[in-house]
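**Q** Chains as they are written, first to last, in the working numbering: chain B, 1 to 115; chain F, 116 to 227.
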């Protein structure tokens with residue numbers, strides 16, 4: 001069964017800590033995405049990557065960075081966590097192309113609390 | 116602002132009834148997708164409709180797309196308690212960027 005795996009389901013960190021959220025997919029997908037989800041705001045795109053070592057800013061990249069050293073792994077980094085980054089983080093992947101059949105496959109989510 | 120907006124924000128119905136959720140968007144799209152999210156979990160893809168399609172069915176799901184009104188609807192027929200979840204529409208724009216833009220979602224509660 002193909003899947004997107006997020007390494008941590010729940011994390012609690014302190015303000016100022018560096019936080020790594022890891023995402024691995026086994027579908028050989030080119031495109032990978034990080035979203036955050038907050039009540040009343042839906043899903044907002046933080047960063048995405050369409051190839052190894054490539055990254056593009058999404059709608060809310062401030063306070064975040066990403067790393068894509070291998071095709072299957074896309075990491076989200078909070079250099080100095082702040083309380084307003086408390087949220088649910090969702091990783092997703094999809095194959096390249098606009099054929100119309102390229103839907104997103106999501107991980108189970110990582111709920112981060114910053115104290 | 117979000118490309119897609121769902122309506123209503125919340126919907127509560129009895130088991131066996133039909134549930135209809137609507138999605139509006141602002142710019143031309145390549146396709147529109149509906150996803151489902153159970154509480155505290157990731158999203159699961161339900162159905163995709165292309166911009167040149169007007170209606171699509173999958174089991175108890177029926178999706179319509181009206182590109183002239185920039186809107187879509189998701190109908191779940193004969194609902195079950197297990198359909199309780201949040202439902203999101205997502206749009207892919209006419210670019211090759213490969214990213215989808217999501218709405219705020221409709222929370223559906225189906226009472227047994």
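From the three backbone atoms N, C-alpha and C, an ideal C-beta is built for every residue, glycine too.
1) Where are the beta strand (DSSP E) runs, 3 residues long or more, that stay fully inside the region 49-101 of chain B, in chain order?
2) Does any residue of chain B bring its CB to less than 8 Å from the CB of residue 220 of chain F?
3) CA-CA distance, residue 190 of chain F and residue 176 of chain F?
4) Mind listing which residues of the region 140-166 of chain F have their C-beta closer than 8 Å to chain B's C-betas, in chain order?
5) Does chain F have any CB closer than 8 Å to the CB of residue 40 of chain B?
6) Helix, strand or coil for residue 108 of chain B, going by three-state DSSP, please let me know.
7) Quick check on DSSP: helix, strand or coil for residue 205 of chain F?
8) Using a Cβ-Cβ cutoff of less than 8 Å, which residues in the same chain neighbour residue 54 of chain B once the five nearest sequence positions on both sides are dropped?
9) Consult DSSP for residue 200 of chain F and reduce its assignment to one of helix, strand or coil.
10) Taking 8 Å as the CB-CB limit, is residue 48 of chain B close to chain F?
11) Closest to residue 43 of chain B by C-alpha separation, out of B:95, B:103, B:91, would be which residue?
12) Among B:109, B:66, B:80, whose alpha-carbon lies nearest the alpha-carbon of residue 16 of chain B?
13) Does any CB atom of chain F fall closer than 8 Å to the CB of residue 122 of chain B?
14) With 8 Å as the threshold, decide whether the Cβ of residue 74 of chain B is near any Cβ in chain F.
15) Taking the alpha-carbon positions, what's the residue 207 of chain F to residue 169 of chain F distance?
**A** Once the coordinates are examined:
1) Fully enclosed beta strand (DSSP E) runs of 3 or longer: 65-70, 73-78, 87-94.
2) The residue you call residue 220 of chain F lines up with position 105 of the second chain. Residue 220 of chain F counts as touching chain B.
3) One-based indexing of the second chain puts residue 190 of chain F at position 75. One-based indexing of the second chain puts residue 176 of chain F at position 61. Spanning the alpha carbons of residue 190 of chain F and residue 176 of chain F requires a straight line of approximately 6 Å.
4) 145, 146, 148, 150, 155, 156, 157, 158, 159, 160, 163, 165: these are the residues of the region 140-166 of chain F whose beta carbon lies less than 8 Å from some beta carbon of chain B, given in chain order.
5) The sequence position of residue 40 of chain B within the first chain is 40, counting from 1. Chain F contact via Cβ: present.
6) Counting from 1 along the first chain, the entry for residue 108 of chain B is found at position 108. When secondary structure is reduced to three states using DSSP, residue 108 of chain B falls in the coil class, being assigned neither helix nor strand.
7) Here residue 205 of chain F refers to the residue found at position 90 of the second chain. Assignment of residue 205 of chain F by DSSP, reduced to helix, strand and coil, places it in the strand class.
8) The residue you call residue 54 of chain B lines up with position 54 of the first chain. Same-chain partners within the cutoff: 68.
9) Position 85 of the second chain, counting from 1, holds the residue named residue 200 of chain F. For residue 200 of chain F, the secondary structure class from DSSP, reduced to helix, strand or coil, is strand.
10) For the purposes of this step, residue 48 of chain B is identified with residue 48 of the first chain, where counting begins at 1. By this cut-off, residue 48 of chain B is an interface position.
11) Stepping through the first chain from its first residue, residue 43 of chain B is reached at position 43. Residue B:91 is the option with its Cα nearest to residue 43 of chain B.
12) As a first step, residue 16 of chain B must be located in the first chain, where it is residue number 16. Of B:109, B:66, B:80, the residue nearest in Cα terms is B:80.
13) Since the first residue of chain B shown is 1 and the last is 115, residue 122 of chain B is not available in this structure.
14) What you label residue 74 of chain B is simply residue 74 of the first chain in a count that begins at 1. Closer than 8 Å: no.
15) The residue given as residue 207 of chain F occupies position 92 in the second chain. The residue given as residue 169 of chain F occupies position 54 in the second chain. Cα to Cα, residue 207 of chain F sits roughly 16 Å from residue 169 of chain F.
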